[in-house]
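Student: Before anything else, here's the structure in question.
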């Protein structure tokens, strides 16, 4: 038996009780008609949270990083250009994954803690109109910055696709895949969707589906080839690809059910409210919120520690004495800052109260 | 709520009760010291079932197919030669995945239903001694054939690595990674290990680890790069890579615990006994066991249907009326045969009795 933590790091978060309960349902075979119906209903729920009518919407059997790689590997061919917005760790990871699948990468930087400039991304594209895609992280998990996506809808009028990382945003703040002209979007289940990790929701526009279909070379990854996953989950008859886990999909389905029962606007409002409360209170304890005001995510707060607090030691006390996990800092906050998540089931006043009550004894 | 099936297909199988119970344990963060200790203990249990002392032994966050791809992508560089034994669907998949990561592939065939000839594989290697690896499926899930691996230990004296697929064998029949000179081996959790799907156990020899370390080009997959997974799970300090699921790892750990408590010899004997009973009884019902006698797996039986039985219809009655899943045939058995698994928790007399009792009403 292991410990029971209040998970206030950058994810995983504690899942909704409904998502936990669903984990113990009887296992279904990966080609059972009931399982494929469960996948189809999960995809329908995902369309609602993604704000899309995309036919190709499915759960990839892996974590958010697998969703990222499934999109990049399926959309990019060797030698093609990817323009990537980079203002944190996950923008850098997009570059790394794109390079590994053989693409050329042009990074458009903004400082960590500040938002990307959509105009700079559009400029880069207009100077390289043959670029296959522009890739951007919506919610930078490393810094707590919210990047602005709506202006990038202008890419719809070009031949360049828009790829969006919503790992930390989906279910926490509004995501509007269709109205923002997003061509491919991936997320993860263990953050604002309130389920365990292990599944990456992915949605792909019809024009991006055509690009995948018209590829010259097969996708370097068999496991993460979105056209094979499409033929499995939505083929008629379904074409065997891998042994998807009914255990995880049932849990994600149940978590999404709980979220949609509450309603997206209410869920967003709940995340906004608790995040603002935390961000207002942290400076009173000597913390300095890292992300630029006006561009902060409510669900993920990166903050510099008060002077004199030893990072690893304080997190250990928090974990072992109080049973609370927070995340270590990344990049400029390595060893000097924390990342605090209030996501999904943990986007509750109770979580903020618990954390704030514990802080004084650490400082 | 969905149906409760007796899963007698090629996997998933119904997990051990201990593995189901563990799914609802509190979620742990992916960098929590307790989680990393759980991973380490899971790796230790995996070493026992793999029959290895390999340091690099870990659970890949994906299904068996991800394990296959993690090994091929990490071990092969573009242009290198892979010699692949092919006597069924999963041998063909090895070729496909190896080609996608950029390797050249030389297939060494045997007919579906018959075992590979180890001498033919060794011959192929001696004629192409610069081949990076020889890859073989131990238990062909498509045909129920057991391939002989021990003679391939001779590859130890060459520069060619031995890669072994134990997706359907691990925990069901003896696997001896070290004494067979296997350099890389992957499996899956939803078959004879008695846990849900979603995790691929992988083990890699020290000489294969050196090959990965000495690569000229990075692995095309970030998500499935075994050196990054090693740095995450066994690094000091652990280096963040992806958000591994404590939910799944807890379940696999518990399933392995149950298996090792019973003891590997007893578990193998249990699989052997029920498989022999099924294979002795099937001909009495008009089925013809597909794999060559003397090379049959007890845990997975492919069999031709009796004349006059309509495959999909009979499987539907079995599923809907009796609550039993069996698998469709593949290759030469498509539409004319079934694959019946007796794996892990379902390697029980009860399962054989239930299935055999249902058969007469289908025929």
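Chains as they are written, first to last, in the numbering used here: chain A, 6 to 368; chain B, 6 to 368. Each residue gets a CB set at the ideal place from its N, CA and C atoms; glycine is no exception.
1) With three or more C-beta pairs closer than 8 Å as the rule, is the region 213 to 225 of chain B touching the region 264 to 273 of chain A?
2) Whole angstroms is fine: what's the gap from residue 195 of chain B's alpha carbon to residue 278 of chain A's?
3) Quick one: what's got a C-beta closer than 6 Å to residue 174 of chain B's C-beta in the same chain, skipping five residues either side?
4) Using CA coordinates, which residue listed in A:14, A:326, A:316, A:358 is at the minimum distance from residue 342 of chain A?
5) Please name the residue, chosen from B:136, B:96, B:211, that lies closest to residue 121 of chain B on a Cα-to-Cα basis.
6) Is residue 287 of chain B helix, strand or coil when you go by DSSP?
7) Sort B:346, B:347, B:332 by Cα distance to residue 340 of chain B and report the nearest one.
8) Would residue 195 of chain B count as contacting chain A if we go by Cβ distances under 8 Å?
9) Tell me residue 207 of chain B's beta-bridge partners as DSSP assigns them.
10) DSSP on residue 104 of chain A, reduced to helix/strand/coil?
11) Given that residue 69 of chain A touches chain B, what residues does it touch there, using C-beta distances under 9 Å?
12) Among B:6, B:48, B:113, B:346, whose alpha-carbon lies nearest the alpha-carbon of residue 29 of chain A?
13) Under a CB-based cut-off of 8 Å, is residue 199 of chain B close to chain A?
14) For residue 259 of chain A, which residues from the same chain have a beta carbon less than 8 Å from its beta carbon, with the 5 sequence-adjacent residues on both sides left out?
15) What are the residues that DSSP puts in a beta bridge with residue 114 of chain A?
16) Please classify residue 368 of chain A as buried or exposed, where buried requires at least 16 other C-beta atoms within 10 Å of its C-beta.
17) Can the beta-carbon of residue 238 of chain A be found less than 8 Å from the beta-carbon of residue 44 of chain A?
18) Can you tell me the Cβ-Cβ gap for residue 305 of chain A and residue 292 of chain A, rounded? I've got them flagged as a contact below 8 Å.
19) Candidates A:166, A:249, A:223: which alpha carbon is nearest residue 209 of chain A's?
20) Which residue from B:172, B:162, B:32, B:302 puts its Cα closest to that of residue 185 of chain B?
21) Could you tell me which chain B residues have their CB closer than 8 Å to the CB of residue 241 of chain A, listed as they occur along the chain?
22) What span of residues does the beta strand (DSSP E) with residue 306 of chain A cover, start to end?
23) Please determine, among A:63, A:77, A:329, the residue with the shortest C-alpha to C-alpha distance to residue 220 of chain A.
24) List, in chain order, every chain A residue whose beta-carbon is nearer than 8 Å to that of residue 9 of chain B.
25) Under the rule that 16 or more other beta-carbon atoms within 10 Å means buried, what is residue 325 of chain B, buried or exposed?
26) Per DSSP, which one or two residues make a beta bridge with residue 324 of chain A?
27) If we define contact as Cβ-Cβ less than 8 Å, is residue 37 of chain B a contact residue for chain A?
28) Helix, strand or coil for residue 25 of chain A, going by three-state DSSP, please let me know.
29) Do you know offhand how far residue 48 of chain A's Cα is from residue 349 of chain A's?
30) Which residues in chain A sit within 7 Å of residue 330 of chain B, going by Cβ to Cβ distance?
31) Mapping the DSSP letters down to three states, classify residue 33 of chain B as helix, strand or coil.
32) Do the region 107 to 116 of chain A and the region 74 to 89 of chain A touch if we need at least three Cβ pairs shorter than 8 Å?
33) For residue 207 of chain B versus residue 227 of chain A, is the C-beta distance shorter than 8 Å?
34) Within the continuous alpha helix (DSSP H) that includes residue 44 of chain A, where are the two ends?
35) According to DSSP, what are the bridge partners of residue 367 of chain B?
36) Can you tell me the Cβ-Cβ gap for residue 56 of chain A and residue 182 of chain A, rounded? I've got them flagged as a contact below 8 Å.
Tutor: On the basis of the data shown:
1) no
2) Taking the CA atoms as reference points, residue 195 of chain B sits about 42 Å from residue 278 of chain A.
3) 143, 144, 180
4) A:316
5) B:96
6) helix
7) B:332
8) yes
9) B:63, B:191
10) helix
11) 247, 248
12) B:6
13) no
14) For residue 259 of chain A, where only same-chain residues beyond five positions count, the Cβ hits under 8 Å are 21, 23, 24, 26, 27, 200.
15) A:91
16) exposed
17) The answer is yes: Cβ separation under 8 Å.
18) About 14 Å separates the two Cβ atoms, so there is no contact after all.
19) A:166
20) B:162
21) What residue 241 of chain A touches in chain B: nothing, since even the nearest Cβ is about 14 Å away.
22) Element bounds for residue 306 of chain A: 305 to 309.
23) It is A:77.
24) 31
25) exposed
26) Per DSSP, none; premise fails for residue 324 of chain A.
27) yes
28) DSSP places residue 25 of chain A within a helical segment (H, G or I) once states are collapsed to three.
29) 19 Å
30) 34, 37
31) coil
32) yes
33) no
34) 38 to 55
35) In the DSSP output, where bridge partners are listed per residue, residue 367 of chain B has none listed.
36) 5 Å
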